[in-house]
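Asker: Dropping the structure in here first, questions after.
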Amino acid sequence: MPTDIASLLFALTLNMLVMSVALPSVMGEVNTAARRAQAGIFAGAVGWALLLGSGLTDAGSWADRALSTLAMAGIAGGMALNAVAFDLWCGRTTSSRAPAAIAVLLTLGYGIGFSSYAFRVGWANGLLALQMAMVAATLWRKPLVPVGRWRWLLVVALLAQTIVTAWRGVLGAFFTDQFPTFLTLHPVNIAFGLVANVTSMLSLAGILLAHRDEAARGLQLLATLDGLTGVFNRRAWLVQAKLDLAISVRYDQPLVLLMLDLDYFKQINDSHGHEAGDRALRFFAVALQTVSRTGDVLCRYGGEEFCVLMNRADHAATQSFDQRLRALLAASAQEQLGHQLSYSAGVATRVGAGDTLEAMLRRADVALYGAKALGRARTLDAQGRELEPASAS
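What the sequence shown shows, in my numbering, is residues 3 to 395, in sequence order.
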């Protein structure tokens, strides 16, 4: 069956235009990565539409030069936007600027050297192939977050496009008589059109799968965090705490559990409103994170109650933690919240290899209520002894 290159490229353009319209509605509310992917598909679709439109103008005219140059900007710019999306979906907060630099270089060189057909075909296809190969190499690298097999789908698609695009560039640059126009019915051009159509569909599937992966990670994260304070919720903390307890027993390392409860929290809600209570909880969670050491695990245990598991912590480390936290609250709570904020706490230290997390929680809870009974704003250990407060400076 005869193959028409113009029909193949028209189908590619139509597919990409449909994808660019459909993606926002299918994805729904999206973040930066998905927005970049959507913009990349749209830019690529516009680029191919402009390139087909240039074929309707007089060859070599200013309209041909303008439309073709803008087309290169759209196609290469779309690939650069997709590169950013893929980096973000792989957990990389900073993206390589090379694909964007290639897009700019490609567009400028194409516009300047437009009068030479061999140059512009070799230049554009060569740099596009390099750009695709770089994006494929980025996807090949180990992601920083767990991702599915979609990245291999995209790698295959990009490598296939790289091969036929580079092949096309070599043909146009060095064997121009065999490839006098971009619609020439040549086996390389036919392969390019077929591969481009197939890989556009693979890319769409890869983008949708990447977006689904990210949504799943977000849901998993939400399931482990307290919605108000952003620290571990009780369920996730219990899982991690049991793991840390097992490690503590295995390597005979000290382990300390603190249970902390905000003082007079009901009065904060009654006097300043529930929004002020929420601000106090968030502020206290941030304060806990600020004074925690690497390896400490904290959570909102319930209501205004928080727990901190201190790995490899002795009495001095526990006392230092308590002093840092009280000093931070004393120095900044009034300014940040408009009122003072204090807490009572109970401490439980792991005793023996047979100690359990449940037993430690009970001891810490008893010590906490002992601290409240003595007037609040203090920390007691399981023996009822008060940890020395920070000295006034």
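Every residue, glycine too, gets a C-beta built ideally from N, C-alpha and C.
So, with DSSP's three-state summary, where would you put L185?
Answerer: Taking the sequence shown and counting its residues from 1, the one referred to as residue 185 is at position 183. The answer is coil: DSSP assigns L185 none of H, G, I, E or B.
Asker: Express the C-alpha separation of R378 and R38 in angstroms, rounding to a whole number.
Answerer: Start at 1 with the first residue of the sequence shown, and residue 38 comes out as number 36. Start at 1 with the first residue of the sequence shown, and residue 378 comes out as number 376. About 52 Å.
Asker: Ordered along the chain, which non-local residues of its own chain (more than five positions away) have a Cβ less than 7 Å from that of D280?
Answerer: Position 278 of the sequence shown holds residue 280. Here the set comprises L230.
Asker: So A65 and T59 are supposed to be a Cβ contact under 8 Å. How far apart are they, rounded?
Answerer: As a working mapping, residue 65 is identified with position 63 in the sequence shown. As a working mapping, residue 59 is identified with position 57 in the sequence shown. About 4 Å separates the two Cβ atoms, so the contact holds.
Asker: Starting from F112, follow the beta strand (DSSP E) in both directions and report where the run begins and ends.
Answerer: For the purposes of this step, residue 112 is taken as residue 110 along the sequence shown, with counting starting at 1. With the sequence shown as reference, residue 112 is identified as Tyr, and Phe is not the correct amino acid for it. It is not in any beta strand (DSSP E) - Y112 instead sits in the alpha helix (DSSP H) that spans 100-114.
Asker: By the three-class DSSP mapping on this structure, what secondary structure does F234 have?
Answerer: Locating residue 234 in the sequence shown gives position 232, where the first residue counts as 1. F234 falls in the strand class under three-state DSSP.
Asker: Taking DSSP as the reference, what is the three-state secondary structure of E307?
Answerer: In the sequence shown, residue 307 corresponds to position 305, counting from 1. In this structure, E307 counts as strand in the three-state DSSP scheme.
Asker: List, from N- to C-terminal side, the beta strand (DSSP E) runs of 3 residues or more that fit wholly inside the region 228-291.
Answerer: 257-264
Asker: Using only CA atoms, which one of T164, S344, A159, D383 lies nearest to Q269?
Answerer: By one-based count along the sequence shown, residue 269 stands at place 267. Answer by Cα proximity: S344.
Asker: When we look at the beta-carbon of V2 and count the other beta-carbons within 10 Å, is it buried (16 or more) or exposed?
Answerer: There is no way to answer for residue 2, as the model of the chain reaches only from 3 to 395.
Asker: Mind checking P4: buried by the 16 CB within 10 Å criterion, or exposed?
Answerer: Here residue 4 is taken as the residue at index 2 of the sequence shown, counted from 1. Confidence in P4 is poor, its pLDDT being 47 and thus under 50, which makes the residue's placement too unreliable to answer from.
Asker: Quick one: measure Cβ to Cβ for R94 and L141, integer angstroms, because I've assumed they're closer than 8 Å.
Answerer: Residue numbering aside, residue 94 sits at position 92 when the sequence shown is read from its first letter. Residue numbering aside, residue 141 sits at position 139 when the sequence shown is read from its first letter. The Cβ separation is near 11 Å, so there is no contact.
Asker: Just verifying my parser: in three-state terms, what is the DSSP assignment at S70?
Answerer: Your numbering for residue 70 matches position 68 in the sequence shown. Looking at S70 - three-state DSSP - the assignment turns out to be helix.
Asker: How many Å lie between F176 and A120 at the Cα?
Answerer: On the sequence shown, position 174 is the one that residue 176 refers to. On the sequence shown, position 118 is the one that residue 120 refers to. Each residue's alpha carbon lies about 7 Å from the other.
Asker: Note down, in chain order, each residue of its chain lying with its Cβ closer than 8 Å to the Cβ of D367, except the 5 sequence neighbours on either side.
Answerer: Stepping through the sequence shown from its first residue, residue 367 is reached at position 365. Taken in chain order, the residues that qualify are M261, G348.
Asker: What is the rounded straight-line gap between the Cα of H274 and the Cα of F267?
Answerer: By one-based count along the sequence shown, residue 274 stands at place 272. By one-based count along the sequence shown, residue 267 stands at place 265. Roughly 10 Å between the two C-alpha positions.
Asker: Going by CA-CA distance only, name the one from S294, A212, M18, L290 that's closest to A396.
Answerer: Outside the displayed range of the chain (3 to 395) lies residue 396, so it cannot be described from this structure.
Asker: Since L14 and N191 are thought to touch, with beta carbons under 8 Å apart, how far apart are those beta carbons, to the nearest angstrom?
Answerer: For the purposes of this step, residue 14 is taken as the residue at position 12 of the sequence shown. For the purposes of this step, residue 191 is taken as the residue at position 189 of the sequence shown. 12 Å between Cβ atoms; not a contact.
Asker: Touching or not, the region 131-141 and the region 96-107, by the rule of three or more beta carbon pairs under 8 Å?
Answerer: yes
Asker: Which of the three DSSP states is assigned to D357 in this structure?
Answerer: As a first step, residue 357 must be located in the sequence shown, where it is residue number 355. If DSSP states are grouped into helix, strand and coil, D357 belongs with coil.
Asker: At a cut of 8 Å, does the region 241-251 reach the region 170-185 through at least three beta carbon pairs?
Answerer: no
Asker: Please report the straight-line C-alpha distance between A394 and V293, rounded to a whole angstrom.
Answerer: What you label residue 394 is simply residue 392 of the sequence shown in a count that begins at 1. What you label residue 293 is simply residue 291 of the sequence shown in a count that begins at 1. Note that A394 scores a pLDDT of 40, beneath 50, so its modelled location is shaky; the value from the coordinates is reported in the next line. Straight-line Cα distance between these residues: approximately 18 Å.
Asker: Does the Cβ-Cβ distance between E306 and L283 come in under 8 Å?
Answerer: For this step, residue 306 is matched to residue 304 along the sequence shown. For this step, residue 283 is matched to residue 281 along the sequence shown. The answer is yes: Cβ separation under 8 Å.
Asker: Need the endpoints of the beta strand (DSSP E) that G348 sits in, please.
Answerer: By 1-based counting over the sequence shown, the position of residue 348 is 346. Here the beta strand (DSSP E) through G348 covers 345-351.
Asker: By the three-class DSSP mapping on this structure, what secondary structure does L382 have?
Answerer: To locate residue 382, count along the sequence shown from 1; it is residue 380. In the structure shown, L382 sits in a strand (DSSP, three-state: E or B).
Asker: On the three-state DSSP scale, how would you describe E1?
Answerer: The requested residue 1 is not part of the displayed model; the chain covers only 3 to 395.
Asker: Should L83 and G42 be called a contact, given that it needs their Cβ atoms to be closer than 8 Å?
Answerer: Along the sequence shown, one-based indexing puts residue 83 at 81. Along the sequence shown, one-based indexing puts residue 42 at 40. Against a cut-off of 8 Å, the Cβ pair of G42 and L83 comes out as a contact.
Asker: Classify R380 as buried or exposed, calling it buried when 16 or more other Cβ atoms lie within 10 Å of its own Cβ.
Answerer: As a position in the sequence shown, residue 380 is number 378, starting the count at 1. By the neighbour-count rule (16 or more Cβ atoms within 10 Å), R380 is buried.
Asker: With a threshold of 7 Å, establish whether the CB of T59 neighbours any heavy atom of the ligand SAM.
Answerer: Absence of the ligand SAM from the depicted structure is noted, as is the absence of any ligand whatsoever, leaving it without description.
Asker: Going residue by residue through the region 109-169, where are the continuous alpha helix (DSSP H) segments of at least 4 residues, counting only ones entirely within it?
Answerer: 119-142
Asker: From this set, R237, L160, N33, G57, which residue's C-alpha is nearest L11's C-alpha?
Answerer: As a first step, residue 11 is located in the sequence shown; it is residue number 9 there, counting from the start. Taking only the C-alpha atoms, the option nearest L11 is G57.
Asker: Using 10 angstroms around the beta-carbon of L187, count the other beta-carbons present and answer buried if the total reaches 16, otherwise exposed.
Answerer: Your numbering for residue 187 matches position 185 in the sequence shown. Label assigned to L187: exposed.
Asker: Helix, strand or coil for N33? Go by DSSP, reduced to three states.
Answerer: For the purposes of this step, residue 33 is taken as residue 31 along the sequence shown, with counting starting at 1. If DSSP states are grouped into helix, strand and coil, N33 belongs with coil.
Asker: Can you find the residues in the same chain that come closer than 6 Å, C-beta to C-beta, to F88, ignoring five residues on each side of it along the sequence?
Answerer: Here residue 88 refers to the residue found at position 86 when the sequence shown is read from its first residue. Answer for F88: L141, listed in chain order.
Asker: Could you tell me the alpha carbon to alpha carbon distance between G297 and E360, rounded to whole angstroms?
Answerer: Within the sequence shown, the letter at position 295 stands for residue 297. Within the sequence shown, the letter at position 358 stands for residue 360. Whole-angstrom Cα-Cα distance: 20 Å.
Asker: Tell me the rounded alpha-carbon separation between V106 and V157.
Answerer: The sequence position of residue 106 within the sequence shown is 104, counting from 1. The sequence position of residue 157 within the sequence shown is 155, counting from 1. Distance between the alpha carbons of V106 and V157 is about 23 Å.
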